[in-house]
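Position 40 of the sequence shown, counted from 1, bears residue number 97 in my numbering, the numbering being contiguous throughout.
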Amino acid sequence: MIGGQRGKPEAKYLGTGSYRCGRLRDKKGTGELEPCGGSMSHRGGRYRCEVRQTRGKSICEGVVTLADRIDHAVGQAWIHHITALEPGDPVVIEIARRWLAFADPETQARKNEAQKALEAAQRRVKKLEDDFYVYGKMDEERFEELSEGQRAVIESIAATLEALDAEADLSPLTQVAALREAWEAADMADKRMLLKCTLGKKGITVKPAARQGDHTPILERLEFDWLSKKDTATEK
58 MIGGQRGKPE AKYLGTGSYR CGRLRDKKGT GELEPCGGSM SHRGGRYRCE VRQTRGKSIC
118 EGVVTLADRI DHAVGQAWIH HITALEPGDP VVIEIARRWL AFADPETQAR KNEAQKALEA
178 AQRRVKKLED DFYVYGKMDE ERFEELSEGQ RAVIESIAAT LEALDAEADL SPLTQVAALR
238 EAWEAADMAD KRMLLKCTLG KKGITVKPAA RQGDHTPILE RLEFDWLSKK DTATEK
């Protein structure tokens with residue numbers, strides 16, 4: 058499944074939720090400088106630091122940048138990044154998993170519920186075994202009767218999960234070409250989500266221009282926290 062959710066609200070701008078202000082500011086009055094890290098929202102054809110907008114210049118002088126310019130550059134950077142990955146890279150698999158969870162939330166919700174039910178049944182089996190083998194709280198006949206029931210539940214849930222995994226086949230999306238095609242065919246809402254699927258927690262940091270009218274290429278002012286193999290290991 059390449060397309061996103063039906064009935065989703067229209068989105069006009071790519072960076073909402075992903076761009077972060079890179080203006081250096083005083084770290085809690087210590088005199089030590091750190092990037093602001095505040096979200097950047099769109100207003101009047103530009104992305105602006107929300108910290109500056111809501112808390113004032115004394116907290117962060119903010120970053121302002123033309124929306125069309127940065128969105129185009131980020132889109133090109135996304136394609137370049139994706140096409141540089143190997144098809145079997147764990148990062149590609151994680152991107153596909155994230156995208157499928159967005160594109161097919163109903164199946165993802167069913168998988169989550171089935172996994173919770175499986176873990177609960179496994180805990181019940183463990184308790185039965187402790188009650189029988191460790192504490193001697195029941196006779197063997199009762200233990201076998203209850204255990205058999207729980208094993209049947211576990212087998213049923215495992216079969217459900219297997220069927221859901223077959224239904225939510227990641228393989229078409231684990232091909233780099235398929236992800237690129239998804240981007241090229243996507244509307245702005247789907248592009249925004251595809252971008253988020255490839256980013257780590259820090260998103261994209263936008264550094265301020267050196268001066269008004271600075272012609273430095275916008276890509277040189279961007280720091281991408283691309284999803285890494287380390288991220289795929291910690292999110293399992």
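Built from N, CA and C at the ideal position, the CB exists for glycine as well.
Return the residue from the list the options that minimises the CA-CA distance to residue i.
{"i": "ALA220", "options": "LYS183, GLU176, THR164 and TRP283", "result": "THR164"}
{"i": "LEU203", "options": "TRP240, ASP161 and ARG181", "result": "ARG181"}
{"i": "LYS264", "options": "GLY74, LYS248 and LEU81", "result": "LEU81"}
{"i": "PHE281", "options": "ARG109, ALA267, ILE139 and GLY101", "result": "ILE139"}
{"i": "LEU123", "options": "PRO274, THR231 and LEU284", "result": "PRO274"}
{"i": "LYS258", "options": "LEU284, ALA174 and SER115", "result": "LEU284"}
{"i": "ASN169", "options": "LYS184, MET195, LEU218 and VAL191", "result": "LEU218"}
{"i": "ASP247", "options": "LYS194, ALA160 and ASP188", "result": "ALA160"}
{"i": "ASP128", "options": "ARG112, SER98, MET195 and GLY113", "result": "SER98"}
Return the CA-CA distance between residue i and residue j, expressed in angstroms with no decimal places.
{"i": "ILE59", "j": "ALA134", "result": "With a pLDDT of 47 at ILE59, under the threshold of 50, the modelled position of that residue is not reliable, and the figure given next carries that caveat. C-alpha separation (whole angstroms): 21 Å."}
{"i": "CYS93", "j": "GLU212", "result": "51 Å"}
{"i": "GLU294", "j": "ALA177", "result": "This structure gives no information on residue 294, because the portion of the chain shown stretches from 58 to 293."}
{"i": "ALA266", "j": "SER228", "result": "42 Å"}
{"i": "LYS309", "j": "GLN179", "result": "With the chain covering only 58 through 293, there is no way to say anything about residue 309."}
{"i": "THR87", "j": "SER115", "result": "14 Å"}
{"i": "LYS286", "j": "LEU236", "result": "18 Å"}
{"i": "GLN207", "j": "GLN110", "result": "57 Å"}
{"i": "GLY74", "j": "ARG155", "result": "16 Å"}
Since residue i and residue j should fall inside the 8 Å C-beta cutoff, what is the C-beta to C-beta distance between them, to a whole number of angstroms?
{"i": "VAL121", "j": "ARG105", "result": "5 Å"}
Would residue i and residue j be called neighbours here (beta carbons separated by less than 8 Å)?
{"i": "TYR70", "j": "ILE261", "result": "no"}
{"i": "THR289", "j": "PRO147", "result": "yes"}
{"i": "VAL149", "j": "LEU142", "result": "yes"}
{"i": "ILE152", "j": "TRP240", "result": "no"}
{"i": "GLY95", "j": "CYS117", "result": "yes"}
{"i": "LEU251", "j": "ALA242", "result": "no"}
{"i": "ALA215", "j": "LEU175", "result": "yes"}
Just to confirm the assignment: which complete beta strand (DSSP E) runs, minimum length 3, are found wholly within the region 172-229?
none
Could you name each continuous beta strand (DSSP E) segment of 3 residues or more that falls completely within the region 85-134, going from the start of the chain to the end?
90-92, 97-100, 103-106 and 121-123
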